[in-house]
Structure formats: C-alpha cells, structure tokens
Amino acid sequence: MLPVSRAIPRIPSITNTTRHFFSQTNTMAPLSKTHKLNTGDEIPAVGLGTWQSKPGQVEKAVEAALRAGYTHIDTAYAYGNEKEVGQGIKASGVPREKIWLTTKLDNDWHKHVAEAIDTSLKNLDTPYVDLYLMHWPASLVKGNTKEVYNDWDFVDTWREMQKLVDTGKVKNIGVSNFGVKNLEKLLSAESTKIVPAVNQIELHPGNPSPHLVEYLRSKGIHASAYSPLGSSDSPLYKLNSLTKLAESKGKTVQQVLLRWGVQKGWSVLPKSVTEERIKANIDLEGWSLTDEEIAQIDEVHKENSFKVCGDDWLPVKIFFGAGDSD
3 MLPVSRAIPR
13 IPSITNTTRH
23 FFSQTNTMAP
33 LSKTHKLNTG
43 DEIPAVGLGT
53 WQSKPGQVEK
63 AVEAALRAGY
73 THIDTAYAYG
83 NEKEVGQGIK
93 ASGVPREKIW
103 LTTKLDNDWH
113 KHVAEAIDTS
123 LKNLDTPYVD
133 LYLMHWPASL
143 VKGNTKEVYN
153 DWDFVDTWRE
163 MQKLVDTGKV
173 KNIGVSNFGV
183 KNLEKLLSAE
193 STKIVPAVNQ
203 IELHPGNPSP
213 HLVEYLRSKG
223 IHASAYSPLG
233 SSDSPLYKLN
243 SLTKLAESKG
253 KTVQQVLLRW
263 GVQKGWSVLP
273 KSVTEERIKA
283 NIDLEGWSLT
293 DEEIAQIDEV
303 HKENSFKVCG
313 DDWLPVKIFF
323 GAGDSD
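Next comes the structure, spelled out in structure tokens:
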C-alpha cells in the first residue's frame, strides 16, 4: 500500500531464530492451502507482496517465489513495479494459468477504469488478472492528488469496475483499505450489483481488526492481509512471547505470524526480496498452531498495538477508528 503514515526502516537481517531454523531443516513444504471466494474461485492462502520492494529487485523476487512454490503474486500500479512483476513471471517458467495475479487501480485513475486496467495488463504482459482491487476508497483528481472529485466517489468507481468482469480482462474484483463505514456505503448503493470478492487490509497481531474481519465474514468478503508481519523491522519480531512460541515450534517468528493469519481465515502477503526468506515464508505446510497458541497471539495487540499505514497523506479520511477499521 502507498504511502505509509510513518517512515519504514530498512529490512532487518535474518534473526537468530531464522538461522536456527535453516540450520535444522533441509526440506521445504510450501503451503498449498486456498480460500474460496464468493465467486467460487480459490485464492492461494500465501502470496508474495511487492510493496516497498526496490526497483531492480522485484523481478528476481517474483521468479524466486514462483520457483519456490508460490502461486500468488500481489502488485499495484502505484508500486511502480508491474513491469518487473511481469518479467519475473516470464523468467520463472511457470505457466500463467498456474499463477494468481493481483493488481490494483490507483487513486487518480478512478474516472479512467478501462484505461487503467489496459495499462496494468500491458505492464504485466498478461491478457488478464485474477483479482483487480480498488486500492483506496479515494477518488483523486487526475494530475492533482491533493484533491478529490466533487462529482465522483468510490461508488462510481465500483460501478465502472463491475463492467470489467464481462471483458475477460479481470476474473474477480475487490477493494482495499475499506473499513465498515465505506463498505456499508458501497454495498447499499443502488449501482452495486457485485459484492467485492476481497478486501485487502492491514492485518497482523498488532492490528488484528476483529470487528472489520467479522463484518467481512458476515458479508462473504474475503480478508487478505498486507503487512502481515508488521512491515520492515517489525516490533513483533522482538516480542518475548512470540520468540518463545516460535522456538517451541522450531519455526521463525515470521512463520508463526503467517500461520496465525492463515488459520484465522485470511490470505497473507508477506513481502521479501531475499530468496531464503521468500522460501521460509511459504514453508507453512505440515504444522499448525493450537487453539491456545492462536489465542495467545490474539492478545498481542493489547500491549503492542500499532498501524503501519494510515490515511494522513490523503485529502480524504479513510479510517474512522475502533469499530470501523481497527
């Protein structure tokens, strides 16, 4: 997601727990689990996130991920790396039909949906995407991203996105960064004929958003987690409760966080450009967390609550506090 409400520090080095894990394990079991959407399609439970990946690194990361067993790649026009993602897919040798590809409509393209998807497809060098998301519920003026349209909002944008489903260019449509208030507005609109298949939101133990997640479940909208590890140099990596739990499982903290998200019922999109970590992040098959361990992680936010991505960079408010998106 772009941009963030606070500066994101450098990507941390591999933790001691990670080193221990790799020294003890010689095999990898990529998670094959999927989640069924309200369209009947199945989205892979783990995907490679590409937000904040530096230019020149994305192609290799995508190629490494697909070769390691990933079947879901997540990008966005706003990330500026769609072309590299497409190059990485080609370099991997994995057939396009074996890959779930997600990209997103940028905020100042809301009045130009048809042109936007064609631009993204050209960048990605693919005839279709599996999931096309409205990146934010903010319709910004083309060429002036400090201003919103006074004659257009995200409900109008969704009306145009619905038209894409019949074109063959988009298999599923959804939203991102939508809280309950904006979802209620969207779902109650007369022009809304398709319920979003997915809402991609920030989800991690420091920002678990239980009210929003339950609302999505009640509406049949799948929750997909960006920043599932709490972003770069995450404070979650250093929590004693999580490091001890990871050690007891013989796993990394990152793997425990991802397994928690998968077992909570959402898909997770960890970002990495390091092959070793890319492989570790999908090594989630053949083990699980107990109900007690899930409950323990559920409590983390009570003393370690934080949000990676806010809305203070937008000219319109998106997040409305506890009970809406938190």
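What the sequence shown shows, in the working numbering, is residues 3 to 328, in sequence order. Even for Gly, the Cβ is constructed at its ideal location relative to N, Cα and C.
CB-CB under 6 Å to F308, same chain, minus the five flanking residues each way: which ones, in chain order? Non-local C-beta neighbours of F308 in its own chain, meaning closer than 6 Å and more than five positions away in sequence, comprise G208, ordered along the chain.
Supposed contact pair S243 and Q298 - C-beta distance, whole angstroms, cut 8 Å: About 7 Å; that satisfies the 8 Å criterion.
Roughly how many whole angstroms lie between the Cα atoms of L247 and L142? Approximately 44 Å, taken between the alpha carbons.
For the candidate residues A225, V96, Q164, G267, whose alpha-carbon lies nearest to that of I119? Looking at the Cα atoms, Q164 is the closest of the given residues.
Taking the alpha carbon of T73 as the reference point, which residue from I280, L166, E86 has its own alpha carbon closest? When each option's Cα is compared against that of T73, the closest is I280.
By Cβ distance below 8 Å, which residues in the same chain neighbour L189 in space, the five residues on each side in sequence not counted? Closer than 8 Å at the Cβ level, and outside the excluded window around L189, lie V197, K221.
To the nearest angstrom, report how far apart D155 and D326 are at their CA atoms. Cα to Cα, the separation comes out at about 19 Å.
Classify E61 as buried or exposed, calling it buried when 16 or more other Cβ atoms lie within 10 Å of its own Cβ. For E61, the number of other beta carbons within 10 angstroms of its own is at least 16, and it is reported as buried.
For G117, is the classification buried or exposed, using 16 other Cβ atoms within 10 angstroms of its Cβ as the cut-off for buried? The displayed chain sequence assigns Glu, not Gly, to residue 117. With fewer than 16 other Cβ atoms within 10 Å, it is exposed.
Member of R219, D235, G176 whose CA lies at the smallest distance from the CA of T159: For T159, the closest alpha carbon among the candidates R219, D235, G176 is that of G176.
Run through DSSP, which three-state label would S243 get? The three-state reading of DSSP puts S243 in helix, counting H, G and I together.
Would you list, in sequence order, the uninterrupted alpha helix (DSSP H) runs of no fewer than 4 residues that lie entirely inside the region 171-258? Runs found: 182-190, 212-221, 242-251.
By DSSP, does W53 sit in helix, in strand, or in coil? In this structure, W53 counts as coil in the three-state DSSP scheme.
Kindly indicate which residue of L103, L33, W262, I320 has the alpha-carbon position closest to the one of G51. It is L103.
Rounded to whole angstroms, what's the CA-CA distance from Q26 to A66? Just pull it up for me. Residue confidence is low: Q26 scores 36 on pLDDT, short of 50, so the model does not pin down where it sits. Its coordinate-derived value is still stated next. Rounded to the nearest angstrom, the two C-alpha atoms are 22 Å apart.
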